[in-house]
Ligand code: ATP
């Protein structure tokens, strides 16, 4: 793979994919804004996910729940008490670290801190003389646990204010709507609820571009099923999650499953799919068998029965949940990494090209008049094709330079309007990957491209 984080950050900034957040004010650490090209790519990734997991999944339904939820939700989910990370400060340079990350980096992944208590982590750091990556000293404060939820307050007067949280995950929006969705769709278990939305975490060590940010989007799908069928569906969702990535064009050599060594007390099984990011193998998504923990806790805390009544057997039970969760921004980083290529061309020049799946690319077609004088005809073509999909228009610079610009953002097809176009109504269509060109009637371009950009 040829992508490095620096190359990706520079390309994204230069080509309108992702900009640093609040840049004119000097930025705001670990926030990023998607530009004109980036917003299209991210929307396309979200669309592909929704198509696969909601639209084409048997018995799956979507929701879009509120970000701000009743605080009792977070008591029930356990986030108010245990959504914490082990924080340690370097006494010398005052940098804040996660103790588990320090151990993982020091042992180069050989030691798994997930299985350690805070005391064991402190002892390991002392014994192995783990140093601060910033200043090189080994002098840390004891571990303190730090809740990752962002707090804000709701109310019109100072006295009457209540604490509310920006949701740290979207999943609870699916759980609290379990009854609503079941009732209104008359769905029979097993069925699924999917959601795409923003989540917020006051991460101790955000960074690595959009890999770990404090505000991000999640795409989560909960599959409600009967106890006893859960192991089968866990395996099915592992496969579905894997196939989704491979169908998006990911090389299976760049993906691997990683079982969790330490399971949450309620979880029966859990694993991640890791991707070979420029920072090394890291989590891209998770698949969890959460038993009936979530619905049971909501039943307990809300006082509302969360049982499902099987209409055939008359059996009443609280369903188990198989959760599949992937960050849209983390998928974006993986897609950028996977697509990035530098090719040496016949003449010795190099070109940077993003080999996105055509369904993911921001613009499906760039319309380029061979010369500015052909602009009117080219704009006509642009207008016509824009009715079918996102198109770019570019008339500045040599045709070679314009091809390069489109290659760098991964536009799969360039349509060139030339002097023959006015006479025979045909254009040249250039393929991004093979750079081969064919001649097509203008009226056939939308159908030709439409076939190629499908995500099935
Ligand atoms: P990590 O171990 O990386 O902190 P996690 O196990 O806490 O992640 P989950 O709570 O399972 O992550 O969240 C599901 C998915 O959401 C992750 O697989 C990842 O794709 C994405 N995600 C989680 N935290 C962040 C973040 N801070 N920034 C961007 N994406 C995130």
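Numbering (my numbering), first residue to last: 738 to 1193. Where a beta carbon is used, it is the ideal one built from N, C-alpha and C, also for glycine.
Original post:
So is residue 955 buried or exposed if we call it buried at 16+ other beta carbons inside 10 Å?
Top reply: Here residue 955 refers to the residue found at position 218 when the chain shown is read from its first residue. Answer is buried; the Cβ neighbour count reaches 16.
Original post:
How many angstroms separate the CA atom of residue 979 from the CA atom of residue 1171?
Top reply: For the purposes of this step, residue 979 is identified with residue 242 of the chain shown, where counting begins at 1. For the purposes of this step, residue 1171 is identified with residue 434 of the chain shown, where counting begins at 1. Whole-angstrom Cα-Cα distance: 27 Å.
Original post:
So what does DSSP say about residue 1035, is it helix, strand or coil?
Top reply: Locating residue 1035 in the chain shown gives position 298, counting from the first residue. Here residue 1035 sits in helix by DSSP.
**OP:** Pair every Cβ in the segment 998 to 1011 with every Cβ in the segment 1093 to 1109, then say whether three or more of these pairs are closer than 8 Å.
**Re:** no
Original post:
Who pairs with residue 887 in a beta bridge, going by DSSP?
Top reply: Within the chain shown, the letter at position 150 stands for residue 887. Residue 887 pairs with 903.
**OP:** Taking only heavy atoms of ligand 1 into account, decide whether any of them is closer than 7 Å to the Cβ of residue 761.
**Re:** The sequence position of residue 761 within the chain shown is 24, counting from 1. No, Cβ of residue 761 sits at least 7 Å from all heavy atoms of ligand 1.
Subject >> C-alpha gap between residue 1133 and residue 1144, whole angstroms >> reply: Working through the chain shown from its first residue, we reach residue 1133 at position 396. Working through the chain shown from its first residue, we reach residue 1144 at position 407. Each residue's alpha carbon lies about 15 Å from the other.
**OP:** Give the DSSP-derived three-state secondary structure of residue 1178 in the structure shown.
**Re:** Residue mapping note: residue 1178 aligns to position 441 of the chain shown, counting from 1. If DSSP states are grouped into helix, strand and coil, residue 1178 belongs with the strands.
Original post:
What do you reckon, are the CB atoms on residue 1056 and residue 962 nearer than 8 Å?
Top reply: By one-based count along the chain shown, residue 1056 stands at place 319. By one-based count along the chain shown, residue 962 stands at place 225. Contact: yes.
Original post:
How about residue 873: is its Cβ closer than 7 Å to a heavy atom in ligand 3?
Top reply: As far as ligands go, the structure on display features ligand 1 and does not contain ligand 3.
Subject >> residue 769 versus residue 953 - alpha carbon distance >> reply: Your numbering for residue 769 matches position 32 in the chain shown. Your numbering for residue 953 matches position 216 in the chain shown. One C-alpha to the other measures close to 9 Å.
**OP:** For my contact list, residue 837 and residue 851 are in at a C-beta cut-off of 8 Å; report their separation, rounded to the angstrom.
**Re:** As a position in the chain shown, residue 837 is number 100, starting the count at 1. As a position in the chain shown, residue 851 is number 114, starting the count at 1. Indeed they touch by this definition, with Cβ atoms about 7 Å apart.
**OP:** Measure the Cβ-Cβ separation of residue 880 and residue 823 and say whether it is below 8 Å.
**Re:** In the chain shown, counting from the first residue as 1, residue 880 sits at position 143. In the chain shown, counting from the first residue as 1, residue 823 sits at position 86. Closer than 8 Å, so yes.
**OP:** Within its chain, find whatever has a CB closer than 7 Å to the CB of residue 905; leave out the 5 residues flanking it on each side and keep chain order.
**Re:** Position 168 of the chain shown, counted from the first residue, corresponds to residue 905. 816, 820, 885, 886, 936, 937, 938.
Original post:
For residue 996, which residues does DSSP report across the bridge?
Top reply: On the chain shown, residue 996 is found 259 positions in, with the first residue counted as 1. According to DSSP, which records beta bridges pairwise, residue 996 is partnered with 1008.
Original post:
Nearest to residue 946 by alpha carbon, out of 1014, 973, 1002, 985?
Top reply: Along the chain shown, read from residue 1 onward, the residue named residue 946 stands at position 209. Residue 946 has its Cα closest to that of 1014, out of 1014, 973, 1002, 985.
**OP:** Measure the alpha-carbon distance for residue 1181 versus residue 920 and round it to whole angstroms.
**Re:** The residue labelled residue 1181 in the question sits at position 444 within the chain shown. The residue labelled residue 920 in the question sits at position 183 within the chain shown. Taking the straight line from one Cα to the other gives about 46 Å.
Subject >> Beta carbon of residue 798 nearer than 8 Å to that of residue 941 >> reply: For this step, residue 798 is matched to residue 61 along the chain shown. For this step, residue 941 is matched to residue 204 along the chain shown. Contact: no.
Original post:
Are the beta-carbon atoms of residue 1062 and residue 957 separated by less than 8 Å?
Top reply: Counting from 1 along the chain shown, the entry for residue 1062 is found at position 325. Counting from 1 along the chain shown, the entry for residue 957 is found at position 220. Closer than 8 Å, so yes.
Original post:
Would residue 1091 be called buried (16 or more neighbouring beta carbons within 10 Å of its own) or exposed?
Top reply: Along the chain shown, one-based indexing puts residue 1091 at 354. It counts as buried.
Original post:
Just the Cα atoms here: how many angstroms apart are residue 790 and residue 1156?
Top reply: One-based indexing of the chain shown puts residue 790 at position 53. One-based indexing of the chain shown puts residue 1156 at position 419. Rounded to the nearest angstrom, the two C-alpha atoms are 46 Å apart.
**OP:** Pick out whichever of 1166, 1186, 1187 has its Cα sitting closest to the Cα of residue 1177.
**Re:** Counting from one through the chain shown, the residue named residue 1177 turns up at place 440. That would be 1166, whose Cα lies nearest to the Cα of residue 1177.
Original post:
Should residue 803 be labelled buried (16 or more other beta-carbon atoms within 10 Å of its own) or exposed?
Top reply: In the chain shown, the residue the question calls residue 803 occupies position 66. By the 10 Å Cβ count, residue 803 comes out exposed.
Original post:
What residue range is occupied by the uninterrupted beta strand (DSSP E) comprising residue 921?
Top reply: Taking the chain shown and counting its residues from 1, one reaches residue 921 at position 184. Where residue 921 is concerned, there is no enclosing beta strand (DSSP E), although the alpha helix (DSSP H) it sits in stretches over 915 to 922.
Original post:
When burial is assigned at 16 or more other CB atoms within 10 Å of the CB, is residue 1064 buried or exposed?
Top reply: On the chain shown, residue 1064 is found 327 positions in, with the first residue counted as 1. Residue 1064 is buried by the Cβ-count criterion.
**OP:** Whole angstroms is fine: what's the gap from residue 1071's alpha carbon to residue 753's?
**Re:** Residue 1071 sits at position 334 when you count from the first residue of the chain shown. Residue 753 sits at position 16 when you count from the first residue of the chain shown. The C-alpha of residue 753 is placed about 18 Å away from the C-alpha of residue 1071.
**OP:** Quick one: give me the first and last residue of the beta strand (DSSP E) that residue 749 is part of.
**Re:** Counted from its first residue, the chain shown places residue 749 at position 12. It is not in any beta strand (DSSP E) - residue 749 instead sits in the alpha helix (DSSP H) that spans 742 to 751.
Original post:
Cβ of residue 950 within 7 Å of any heavy atom in ligand 1?
Top reply: On the chain shown, position 213 is the one that residue 950 refers to. At least one heavy atom of ligand 1 is nearer than 7 Å to the Cβ of residue 950, so yes.
Original post:
Are the beta-carbon atoms of residue 1150 and residue 1102 separated by less than 8 Å?
Top reply: Your numbering for residue 1150 matches position 413 in the chain shown. Your numbering for residue 1102 matches position 365 in the chain shown. Yes. Within cutoff.
Original post:
Can we say the segment 898 to 912 touches the segment 759 to 769, given the rule of at least three CB pairs closer than 8 Å?
Top reply: no
**OP:** Have a look at residue 1066 and residue 806 and give me their C-alpha separation to the nearest angstrom.
**Re:** Translated into the one-based positions of the chain shown, residue 1066 becomes position 329. Translated into the one-based positions of the chain shown, residue 806 becomes position 69. Spanning the two alpha carbons is a distance of roughly 23 Å.
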